[in-house]
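Peer 1: Each residue of the sequence shown is one higher than the last, beginning at 0 in numbering that gives the first Met the number 0.
Glycine is no exception: its CB is placed at the ideal position from the N, C-alpha and C atoms.
Since the model is a prediction, treat every value here as computed from it, not as a measurement.
Pasting a structure here, questions to come.
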Amino acid sequence: MTNSPAPRGRGTPRGGLSDVSEERALLDAGVTSVVGMDEVGRGCIAGPVGVGGVWCDLEALCAGGFPAGLRDSKKLSPRPRSLAAESVRATWEHAVVAYASPQEIDAMGISAALSLAGRRALAQLPAADLVMLDGKFNWLGTEPGLLGGDVSHMEVPPVRMYVGGDDQRIPIAAASLIAKVDRDAVMSSLDREHPGYGWVNNVGYPSPAHKQAIADLGVTSWHRKSFRLGK
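Encoded structure:
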């Protein structure tokens, strides 16, 4: 599929990232495809940790094949964020979110669980020359171990880190958006199954109300028991 700008509809967020200088430099250096990748939910005490991955053809992207309104998901309110995530999926055929469960987080630690989720995302995407990863710590290179046997031995492409990449680089911002919107939907669904913890609002982060609910209602199977859950 050739990347092309998504059609603009009413309410589609304007502005957003437009700089492709880094992507053009990569293309000039012989990199033809990348996966933009970002995590969501690392600091939560409940729910899975998620990793978004978006496969991009760099020639198409550098020619303008990306939608308006892409930026760090944390800097958009829910409606523009949802619209931007829709535009990501309308523009890029290969855009996925994969997860590691609370039980996997407890068993292997958060860094290995992030690697596990990231490799599960990569397993659903076409091969790429490079992963563009947000942050300064390459958690994708952490070995998930035997507990991640489904993907622990897969080959990971070279990784390039971008501090603040979710609000600078288009492929990473795209991954950030679909990861945030998808995981929020997961936590809203879990909130209906386990009412009282406020997951529809706190999405599993350790808000005072969430910690009070744990004290009052106890711990669920969706809580990360290796994390500090009390007040």
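#1: So, G140 versus Y98, is the Cβ gap smaller than 9 Å?
#2: With a CB to CB cut of under 6 Å and the five nearest residues on each side skipped, what residues in its chain are close to K179?
#3: Below 8 Å, can you find three or more Cβ-Cβ pairs linking the stretch 12-29 to the stretch 140-158?
#4: Mapping the DSSP letters down to three states, classify S3 as helix, strand or coil.
#5: What's the C-alpha gap between P205 and D105?
#6: Beta carbon of S86, beta carbon of W54: below 9 Å?
#7: Between L26, A67, A89 and E103, which lies nearest to S220 when the distance is taken from Cα to Cα?
#8: At what residues does the beta strand (DSSP E) containing V87 begin and finish?
#9: Using a 10 Å radius around the Cβ and a threshold of 16 neighbouring Cβ atoms, would you call V218 buried or exposed?
#10: Are G35 and A122 close, meaning C-beta to C-beta below 9 Å?
Peer 2: Result, derived from the coordinates:
#1: In the sequence shown, the residue the question calls residue 140 occupies position 141. In the sequence shown, the residue the question calls residue 98 occupies position 99. It is not a contact, given that the beta carbons lie outside the stated cut-off.
#2: On the sequence shown, position 180 is the one that residue 179 refers to. Closer than 6 Å at the Cβ level, and outside the excluded window around K179, lie V39 and S72.
#3: no
#4: On the sequence shown, residue 3 is found 4 positions in, with the first residue counted as 1. Legend: pLDDT at S3 = 41, less than 50; position of this residue unreliable, no value from coordinates given.
#5: Taking the first residue of the sequence shown as position 1, residue 205 is located at position 206. Taking the first residue of the sequence shown as position 1, residue 105 is located at position 106. Whole-angstrom Cα-Cα distance: 17 Å.
#6: By 1-based counting over the sequence shown, the position of residue 86 is 87. By 1-based counting over the sequence shown, the position of residue 54 is 55. Not in contact: S86 and W54 (Cβ atoms no closer than 9 Å).
#7: The count along the sequence shown starts at 1 and reaches residue 220 at position 221. Looking at the Cα atoms, E103 is the closest of the given residues.
#8: By 1-based counting over the sequence shown, the position of residue 87 is 88. Taken as a continuous stretch (DSSP letters only), V87 belongs to no beta strand (DSSP E), being part of the alpha helix (DSSP H) at P77 to T90.
#9: By one-based count along the sequence shown, residue 218 stands at place 219. V218 comes out exposed.
#10: Position 36 of the sequence shown holds residue 35. Position 123 of the sequence shown holds residue 122. No, the pair does not count as a contact, with Cβ atoms beyond the cut-off.
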